Amino acid sequence: MATPPPTPEATGDPNDTIYCVEVEFMVAKERTGQTYNNDSPQQTRWACPASARSPCSEVLYECGNVLTRNKESFVVVREKEREPSDPLRGAYAPQSWLVQPSGHVAPRDGCPSEYDWVGIKIRSPMLPESELIGDESTVKRCIDALRAAVRIHVNSSCQFNVFVQPTGCHMGLTQAKRLVTLVWLTEAGMLLPLCSRAESHASGRAIPLTAHSTILAFPIKGVKKTRPRDPLVTAIMDQNLPRFHNDMTQERMHRIWSYTDVSKVARAICDTRGRPSALSLDTYYDQNTDVENPALLSVAGFRYAMWHPYDGLDVSNYWIQLVMALFRASQFDSKRFRNLVQSIDEVNWSFCKSGADENEQRRVLMDELGLTEAWYEPWGKIVEEYRPGGKLSPEVINKQPPLA
Numbered sequence: 001m002a003t004p005p006p007t008p009e010a011t012g013d014p015n016d017t018i019y020c021v022e023v024e025f026m027v028a029k030e031r032t033g034q035t036y037n038n039d040s041p042q043q044t045r046w047a048c049p050a051s052a053r054s055p056c057s058e059v060l061y062e063c064g065n066v067l068t069r070n071k072e073s074f075v076v077v078r079e080k081e082r083e084p085s086d087p088l089r090g091a092y093a094p095q096s097w098l099v100q101p102s103g104h105v106a107p108r109d110g111c112p113s114e115y116d117w118v119g120i121k122i123r124s125p126m127l128p129e130s131e132l133i134g135d136e137s138t139v140k141r142c143i144d145a146l147r148a149a150v151r152i153h154v155n156s157s158c159q160f161n162v163f164v165q166p167t168g169c170h171m172g173l174t175q176a177k178r179l180v181t182l183v184w185l186t187e188a189g190m191l192l193p194l195c196s197r198a199e200s201h202a203s204g205r206a207i208p209l210t211a212h213s214t215i216l217a218f219p220i221k222g223v224k225k226t227r228p229r230d231p232l233v234t235a236i237m238d239q240n241l242p243r244f245h246n247d248m249t250q251e252r253m254h255r256i257w258s259y260t261d262v263s264k265v266a267r268a269i270c271d272t273r274g275r276p277s278a279l280s281l282d283t284y285y286d287q288n289t290d291v292e293n294p295a296l297l298s299v300a301g302f303r304y305a306m307w308h309p310y311d312g313l314d315v316s317n318y319w320i321q322l323v324m325a326l327f328r329a330s331q332f333d334s335k336r337f338r339n340l341v342q343s344i345d346e347v348n349w350s351f352c353k354s355g356a357d358e359n360e361q362r363r364v365l366m367d368e369l370g371l372t373e374a375w376y377e378p379w380g381k382i383v384e385e386y387r388p389g390g391k392l393s394p395e396v397i398n399k400q401p402p403l404a
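Each residue of the sequence shown is one higher than the one before, starting from 1 at the first, in UniProt numbering.
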């Protein structure tokens, strides 16, 4: 994975934030009767034998064995679809990689036809932000090992998800609301343009918070009628939020900030079918504490990105750092946070009125988060490649050969 520049201004110790990533891909399964050239360099990579009685299990454990050879532990989760927060629960070793089938990753027209393909996803352990410094992070080392050992194909159905939380503590209600606020305000102008929208709804990736979340089902009543009823809740909201230019945005923020429990905020930002939107807040109990009274922890999940490690176009680390920048901003004190939100709202309003180039809006929003030109220039190249006919468009990426 490409290494971005050093992180912009951090607030506090980088070890105060931990993250993990979830990567999806397909592993080759040989076909009965197919002849393979075992002298080819590509053939040194493992493919599931055609004779395998349970191809999915063979693939899961082979990937796990690669991790073991790299001094990492792993846990196989056999179910295809679980609640997104389930693998984070105490039933699983928190410092192990999770390896499980993927219910939606599948080959597309034009994929390498000499194999069948088994879709899986792997999730890293929670890691400190300091892991991102340098070229040999745990995630990069393990992904590189899998690419070298296993025959992998990646297409437009494969996700790259990032999960982040404070180290060893519950993400507070106010921070959760701040994070939702930031994502709501930057989604249309920054986050969505930075990801491919191909197959997003089919894969459960990049379901826009601002277009499909449950909070949108509430009727529009007017700004004055949607303010929180609790005076304390209202006071906290007013410390953190300015008066927005758009009344509808103001009402949505009133709804979000009226909740008194993180789990309620989490449900409000799911889509109307109960699926996690591109931003999720998952709560779970820490099984490493007192069994009778485990601590309630929460993790923010970002499901915007597609994994595309082709032709120098892998922006995985850039996505991790973008998530970190948003998360750090949610940890600002109320005055600084309010000023940031007001600045972002001014940017959105001015671009809405002027109809200026979306690339410029994205650049300005990144700048508000402290991300410099060294950050947003690479994104421009990626965004262009998402367009029809680009290297990362479905019609091209779906026909890519196995990863070298």
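Quick reminder that beta carbons are idealized off the backbone N, C-alpha and C, glycines included.
Note that this is a predicted model, so its numbers are computed, not measured.
Local conformation of residue i per DSSP, three classes
{"i": "Asp345", "result": "helix"}
{"i": "Arg123", "result": "strand"}
{"i": "Ala91", "result": "Confidence at Ala91 is low in this model, with a pLDDT of 41, below 50, so its placement is unreliable and no value can be given for it."}
{"i": "Val262", "result": "helix"}
{"i": "Pro84", "result": "Any answer about Pro84 is weak, because its pLDDT of 43 lies below 50 and its placement is not dependable; what the coordinates show is given next. Looking at Pro84 - three-state DSSP - the assignment turns out to be coil, as it is neither helix nor strand."}
{"i": "Val75", "result": "strand"}
{"i": "Ala106", "result": "coil"}
{"i": "Asp386", "result": "Looking at the sequence provided, one finds Tyr at residue 386 rather than Asp. In the structure shown, Tyr386 sits in a helix (DSSP, three-state: H, G or I)."}
{"i": "Asp271", "result": "strand"}
{"i": "Ser393", "result": "coil"}
{"i": "His153", "result": "strand"}
{"i": "Val23", "result": "strand"}
{"i": "Ile133", "result": "coil"}
Span separating the alpha-carbon of residue i from that of residue j
{"i": "Val262", "j": "Pro49", "result": "47 Å"}
{"i": "Ala404", "j": "Tyr115", "result": "16 Å"}
{"i": "Ser113", "j": "Ala106", "result": "13 Å"}
{"i": "Ser393", "j": "Ser157", "result": "11 Å"}
{"i": "Trp46", "j": "Val118", "result": "13 Å"}
{"i": "Cys111", "j": "Cys63", "result": "21 Å"}
{"i": "Pro125", "j": "Ser96", "result": "5 Å"}
{"i": "Val66", "j": "Ile382", "result": "30 Å"}
Beta-ladder partner(s) of residue i, from DSSP
{"i": "Ala28", "result": "Trp117"}
{"i": "Ser298", "result": "Thr283"}
{"i": "Pro128", "result": "Ile18"}
{"i": "Cys48", "result": "Lys29"}
{"i": "Met306", "result": "Gln159"}
C-beta atoms of residue i and residue j nearer than 8 Å
{"i": "Asp282", "j": "Ser213", "result": "no"}
{"i": "Val164", "j": "Ala300", "result": "yes"}
{"i": "Glu131", "j": "Ser137", "result": "yes"}
{"i": "Val23", "j": "Ile143", "result": "yes"}
{"i": "Gln250", "j": "Val223", "result": "yes"}
{"i": "Thr17", "j": "Met324", "result": "yes"}
{"i": "Phe302", "j": "Val162", "result": "yes"}
{"i": "Leu241", "j": "Val341", "result": "yes"}
First and last residue of the uninterrupted beta strand (DSSP E) at residue i
{"i": "Gln165", "result": "Gln159 to Pro166"}
{"i": "Pro401", "result": "Run containing Pro401: none; DSSP gives neither H nor E here."}
{"i": "Gln100", "result": "Trp97 to Pro101"}
Unbroken alpha helix (DSSP H) run spanning residue i, endpoints
{"i": "Lys177", "result": "Leu173 to Thr186"}
{"i": "Ala206", "result": "Per DSSP, Ala206 belongs to no alpha helix (DSSP H) and is neither H nor E."}
{"i": "Ile215", "result": "Unbroken run through Ile215: none, as it is neither H nor E."}
{"i": "Gln361", "result": "Glu358 to Glu368"}
{"i": "Val278", "result": "Note on residue identity: the sequence assigns Ala, not Val, to residue 278. No alpha helix (DSSP H) holds Ala278; DSSP gives it neither H nor E."}
{"i": "Gly64", "result": "Pro55 to Arg69"}
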